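A.B. asks: Let me begin by handing over the structure; questions about it come next.
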Amino acid sequence: MFRRFISVLINKSVLQRFSACLLTVMTWWCLATPNIDLMQQLAQQRYGNEAVKTIEAWRQMVLDNQDNQATEILRTINVFFNQRIRFNDDQSIWQQADYWATPLETMGRRQGDCEDFSIAKYVSLLLAGIPAEQLRMVYVKARIGSLPKNLTQAHMVVAYYPSSNADPLILDNLNPQILPASQRRDLLPVFSFNSAGLWIRGQNKPVGSAEKRLSRWRNLLTRMQAEGL
Amino acid sequence: MSLYKQLWLAVILLMTLAFSGSFLLATKSAQNYLSEQLQLKNFDNATSLALSLSQQNDPVLRELLITAQFDNSHYEFIRLMDPTGSVLVEHGSDKTVFAPTWFMSIFPIEATPGIAQVTNGWQQIGTLSLKSDSRFAYGEMWVSTQLMFLYFLAGALFSGLIGNRLLKVILKPLNDVVDQSKAIGERRFITIKEPKTLEYRLLVQSMNNLSGRVKQLLDTEGGSLQELRKEAETDSITGLLNREAFMQQLSSLLNQGNENTEGSLVLLRLQHLAELNRSEGRDVIDSLLQNVGASLNDLADQCEGSMAGRLNGSDFVLLLPGCEQTEKTAQRIHEDIQRIATQMQLENPLTIPAAASIYSSEDSLPLLMTRIDAALASAEQEQRSCLKMADIHGTVPETCTLECWHKLIASTIENQNCELITTPVTDASKQILHMRALPQIHTETGEKVSYQELHPWLSRLKLSPQLDLQVMERALASLNDTPQPLSVSFSAQLLDDENSQRALFTMLKAAPKKATQLRIGFPEYGAYQHLESLQNLCSELQTLGCRVGIEQVGPDIASIGNLSGLGVDYVMVDEMSIHDINDNNARQIFLRGLCSISHSIGLSVIADGVRTEDEWRTAIKLGIDACTGPYFE
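So the protein sequences, as listed, match chains A and B.
Just so you know, we're using the numbering used here here: the first sequence kicks off at 6 and counts up by one.
Just so you know, we're using the numbering used here here: the second sequence kicks off at 330 and counts up by one.
In structure tokens form, the structure reads like this:
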């Protein structure tokens, strides 16, 4: 036991821990509300004017939509990303087998895979005022096309539950139309999750501080916060 | 507070700080580590359980899964709520704790519950939240904290032991330094070996320098005092020893108790000097005296150990140790002096009666002087310059022989009937400082024999230490009655007699309170011969609280530097130095010098043998601190 204490002491020097703590607190302080300006600034630095325009349009869309009906918000946001973002796989975009991009990265590069679409839509919906409890990101098994029935692939979509036991509406990048889940026979849900308990925009400090050992999802949330969300 | 204690406190403080610091940090770090791990576990377990639950259609199966998970793992609670917030399944553990509450409140392990969504197809089942049980973490932390504390205690003890040894090693030289400074405080100007530690070394260097300078000062001043003393001992006209000086030296020669002491003594008298002074004029007579003095000095120089003296205006004396042909030598000397007188071509011829005697270790000073005085008297009766040999077998009736003295002293010691005669020793305002005790014994006929008379025989018979011990006994006994401190005079022989010294210390240790009231004097002539023994004796006596002094100081004043390392309290100057001090300029200069040098190293000066008011006044004026002698009896 004593040895473990010593190793803990050696592995993480006090200073390192202290500075990490400080950084976390500062980050949380700065990101008490979404900082779209910071996002634009970062977009300018990283991706240039085109990206800034995209972010500006996105910002406008999110703000304009805040008073609208949920269905209208869903539609606008679904259209925004499905039209502006080109599908591409992570290997070509990021040279990694699987990479979860933040909305800024997705909009900056203007391409993404199914997770990137889902993430961007999910975050935009939250910003537009849809409560996290009504939203899920869902791992689904998707049948591609109709003829070779056994051609399936792992896919991710965003589900919106108008009420807790209702049939959810599905926002997908394969099928640009928003349809209730019951009409999406091609999708078989496996597991759903949202940011409840992990991240509530503007209010939540990152839970825990093991930034190096975050799950992919929490890693993404942390990066998003650093980019102003 | 001693340096030792301060260093100890500093060590303890530092160690407590270091240990409690690391102790806190380690516990804090463990707390963070455990919190983090629990947090991750909460998230991961919530997700994987939710994933499993999402694959089940049957609510019973779902509940079973949750129950199985809860029962076989470590959770504080697992809760499944439907989307409206009502609880579907809930499990919570008991509240047994493995660590004290105060400990948990000081080092809380905070981990938020893990939350995950459970669905069945597209249908929401609810939200799963679970929290790992932190009691085990607390228990673990508590145990390790206790362990840490034990390690801390063991470490503290161990470092304490090491520290103790280290401090001893570091402070060892300091003890020497402290001893030295104490010694200097007690007027023992000693030098010690320089320690290796820089700071101590500097300190010791300067104290050694101080001691060295004091010794040097005493040595040089002792030398010049010796010169002054010599002047005081010398007759100003003839350059010969004066009466006191000659008698003192002759007496100490005879008292040495050396069996080989043998030689001749020649006494010459220049008759009618006063009348000649009138008829021939003072200058002529002075030059006659100078010539006689020079001639006698020459003779004395030719033979080692010889000395010549002018006993009074007209009596001259020459001591020739080892000279056996007394008559022949005396005749030659007598003729030499007569020749000088003739050469002066005085109107009235000078008559020089002379006497000579051999002497041996059997003689005492009074005996020898009586014998030779008798011979001179018979020479004088002849009214011409003639030489008479003293009759060794004694027309003078000897009151007591060596054997007789031996018998007397031995019986006194055996019967313990020696008596102490006390004389006050007073300061400048005639306040009594202490009493001086000297032994006195009685002959069979009841006659009193004073210490002065007794002293030569004591040392010759080597009975001094025994009498010293008896004096000590009496002195300790008499301290019961007198409130004043008492001073006693010990013999030089005691310094050479370890058995008697042991007996002395046994007596003193038996009466530690009285020991502090004692002043013990040793004679100068023995002190320098047995310096090492004196040094040991001094330090032992001083630890018992006795004060130590050197008595009969004068003849060997040049060696006063030896006193610098002894820590003696006083010096008592001999009677000769005080004798007629009011009229003797040379002695005044000597005494003034002695006082100033003694005072400069903190010794007080006591004058012995003060006989008159005038002597006393002069002595006090010269800076003598205290006086004793017949004047105060």
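Note that CB positions come from ideal geometry on N, CA and C, so glycine has one too.
Note that the coordinates shown come from a computational prediction; the quantities given were computed from them, not determined experimentally.
Give the interface partners of residue 380 (chain B) over in chain A, defined as CB-CB distance under 8 Å, in chain order.
C.D. replies: Within 8 Å Cβ-Cβ: 196.
A.B. asks: Relative to the C-alpha of residue 948 (chain B), which residue among B:457, B:959, B:581, B:924 is closest?
C.D. replies: Looking at the Cα atoms, B:924 is the closest of the given residues.
A.B. asks: Quick one: Cα of residue 399 (chain B) to Cα of residue 407 (chain B), how far?
C.D. replies: The straight-line gap from Cα to Cα measures roughly 7 Å.
A.B. asks: Where residue 621 (chain B) and residue 629 (chain B) are concerned, what is the direct C-alpha to C-alpha distance, given to the nearest angstrom?
C.D. replies: Approximately 12 Å, taken between the alpha carbons.
A.B. asks: I need the boundaries of the alpha helix (DSSP H) containing residue 430 (chain B), first residue and last residue.
C.D. replies: First-last of the alpha helix (DSSP H) with residue 430 (chain B): 430-435.
A.B. asks: Which partner residues of residue 748 (chain B) appear in the DSSP bridge assignment?
C.D. replies: Beta-bridge pairing links residue 748 (chain B) to B:769.
A.B. asks: Buried or exposed: which applies to residue 163 (chain A), given that a residue is buried once 16 or more other Cβ atoms fall within 10 Å of its Cβ?
C.D. replies: With 16 or more other Cβ atoms within 10 Å, it is buried.
A.B. asks: If we count Cβ pairs, one from each stretch, closer than 8 Å, do we get three or more for the stretch 816-826 of chain B versus the stretch 851-863 of chain B?
C.D. replies: The answer is yes - the stretch 851-863 of chain B touches the stretch 816-826 of chain B, with three or more Cβ pairs under 8 Å.
A.B. asks: Do residue 481 (chain B) and residue 372 (chain B) have their C-beta atoms closer together than 8 Å?
C.D. replies: No, these two residues do not count as a Cβ contact at 8 Å.
A.B. asks: Quick check: what's the CA-CA separation for residue 963 (chain B) versus residue 625 (chain B)?
C.D. replies: Residue coverage of chain B in this structure runs from 330 to 962, which leaves residue 963 (chain B) outside it and unanswerable.
A.B. asks: Report the rounded CA-to-CA distance for residue 812 (chain B) versus residue 511 (chain B), giving the unit in angstroms.
C.D. replies: Their Cα atoms are separated by approximately 29 Å.
A.B. asks: Check distances from the C-beta atoms of the stretch 155-170 of chain A to those of chain B and list, in chain order, the residues that come in under 9 Å.
C.D. replies: Listed in sequence order: 164, 166, 168, 169, 170.
A.B. asks: So residue 282 (chain A) contacts chain B; which residues on that side make the cut at Cβ distance below 8 Å?
C.D. replies: Here chain A has residues from 6 to 234 only, and residue 282 (chain A) is not among them.
A.B. asks: To the nearest angstrom, how far is it from the Cα of residue 459 (chain B) to the Cα of residue 404 (chain B)?
C.D. replies: Near 7 Å, if we compare the C-alpha coordinates of residue 404 (chain B) and residue 459 (chain B).
A.B. asks: Is there a Cβ of chain A sitting closer than 8 Å to that of residue 448 (chain B), yes or no?
C.D. replies: Chain A, which has a Cβ nearer than 8 Å to the Cβ of residue 448 (chain B), makes this yes.
A.B. asks: Classify residue 28 (chain A) as helix, strand or coil using the three-state DSSP reduction.
C.D. replies: Confidence is the limiting factor: at residue 28 (chain A) the pLDDT is only 47, short of 50, which leaves the residue's position unreliable, though a coordinate-based value still follows. It is helical.
A.B. asks: Would you mind sorting residue 431 (chain B) into buried or exposed? The rule is 16 or more other CB atoms within 10 Å of its CB.
C.D. replies: Under this definition residue 431 (chain B) is an exposed residue.
A.B. asks: Please determine if the stretch 494-506 of chain B and the stretch 465-476 of chain B are in contact, where contact requires at least 3 C-beta pairs separated by less than 8 Å.
C.D. replies: Touching, no.
A.B. asks: Restricting to Cα atoms, I'd like to know which of B:800, B:952, B:838, B:401 is closest to residue 917 (chain B).
C.D. replies: Looking at the Cα atoms, B:952 is the closest of the given residues.
A.B. asks: Which residue comes first and which comes last in the beta strand (DSSP E) that contains residue 881 (chain B)?
C.D. replies: Counting along the chain, the beta strand (DSSP E) containing residue 881 (chain B) begins and ends at 876-882.
A.B. asks: Mapping the DSSP letters down to three states, classify residue 510 (chain B) as helix, strand or coil.
C.D. replies: Helix.
A.B. asks: Throw me the rounded Cβ distance for the residue 380 (chain B) and residue 455 (chain B) pair, which I believe falls under 8 Å.
C.D. replies: 14 Å between Cβ atoms; not a contact.
A.B. asks: Determine, using beta carbons only, whether residue 637 (chain B) and residue 547 (chain B) come nearer to each other than 8 Å.
C.D. replies: It is not a contact, given that the beta carbons lie outside the stated cut-off.
A.B. asks: Kindly confirm or deny that the stretch 596-609 of chain B and the stretch 897-904 of chain B touch, where touching means at least three C-beta pairs closer than 8 Å.
C.D. replies: Because the criterion of three Cβ pairs below 8 Å is not met, the stretch 596-609 of chain B and the stretch 897-904 of chain B do not touch.
A.B. asks: Near residue 673 (chain B), what residues of its chain come up, given a Cβ to Cβ distance below 6 Å and the 5 sequence neighbours on each side ignored?
C.D. replies: Cβ within range, chain order: 617.
A.B. asks: Check whether chain B comes within 8 Å of residue 30 (chain A), counting only Cβ atoms and requiring the distance to be less than that.
C.D. replies: Caution applies to residue 30 (chain A), whose pLDDT of 45 falls short of 50 and renders its modelled position unreliable; the value that the coordinates give is listed next. With 8 Å as the cut-off, residue 30 (chain A) does not count as an interface residue toward chain B.
A.B. asks: Only counting runs of 4 or more residues, tell me where the alpha helix (DSSP H) segments fall wholly within the stretch 391-442 of chain B, in order along the chain.
C.D. replies: Counting only runs of 4 or more, we get 430-435.
A.B. asks: With DSSP as the reference, label residue 41 (chain A) as helix, strand or coil.
C.D. replies: Of the three classes helix, strand and coil, the one that applies to residue 41 (chain A) here is helix, per DSSP.
A.B. asks: Could you check whether the Cβ of residue 91 (chain A) sits closer than 8 Å to any Cβ belonging to chain B?
C.D. replies: It does not; no Cβ of chain B falls within 8 Å.
A.B. asks: So, under 8 Å CB-CB, residue 886 (chain B) and residue 555 (chain B) are touching, yes? Tell me the CB distance rounded to an integer number of Å.
C.D. replies: Confirmed, Cβ separation roughly 5 Å.
A.B. asks: According to DSSP, simplified to helix, strand and coil, what is residue 185 (chain A)?
C.D. replies: DSSP places residue 185 (chain A) in strand when its eight states are reduced to three.
A.B. asks: Runs of 4 residues minimum, wholly inside the stretch 607-681 of chain B: which ones carry the alpha helix (DSSP H) assignment?
C.D. replies: With a minimum length of 4 residues, the continuous alpha helix (DSSP H) runs that stay inside the stretch 607-681 of chain B are 611-631, 655-672.
A.B. asks: Is the stretch 689-708 of chain B touching the stretch 781-799 of chain B in the sense that three or more CB pairs, one from each, lie closer than 8 Å?
C.D. replies: Yes, the stretch 781-799 of chain B touches the stretch 689-708 of chain B.
A.B. asks: Rounded to a whole number of angstroms, what is the C-alpha to C-alpha distance between residue 111 (chain A) and residue 225 (chain A)?
C.D. replies: Answer to the nearest angstrom: the Cα atoms are 12 Å apart.
A.B. asks: In the structure shown, what three-state DSSP assignment does residue 961 (chain B) receive?
C.D. replies: Helix at residue 961 (chain B).
A.B. asks: Residues in the same chain with beta-carbon distance under 6 Å from residue 741 (chain B), minus the five sequence neighbours each way, listed in chain order, please.
C.D. replies: Counting only Cβ-Cβ distances below 6 Å, and skipping sequence neighbours, we find 747, 770.
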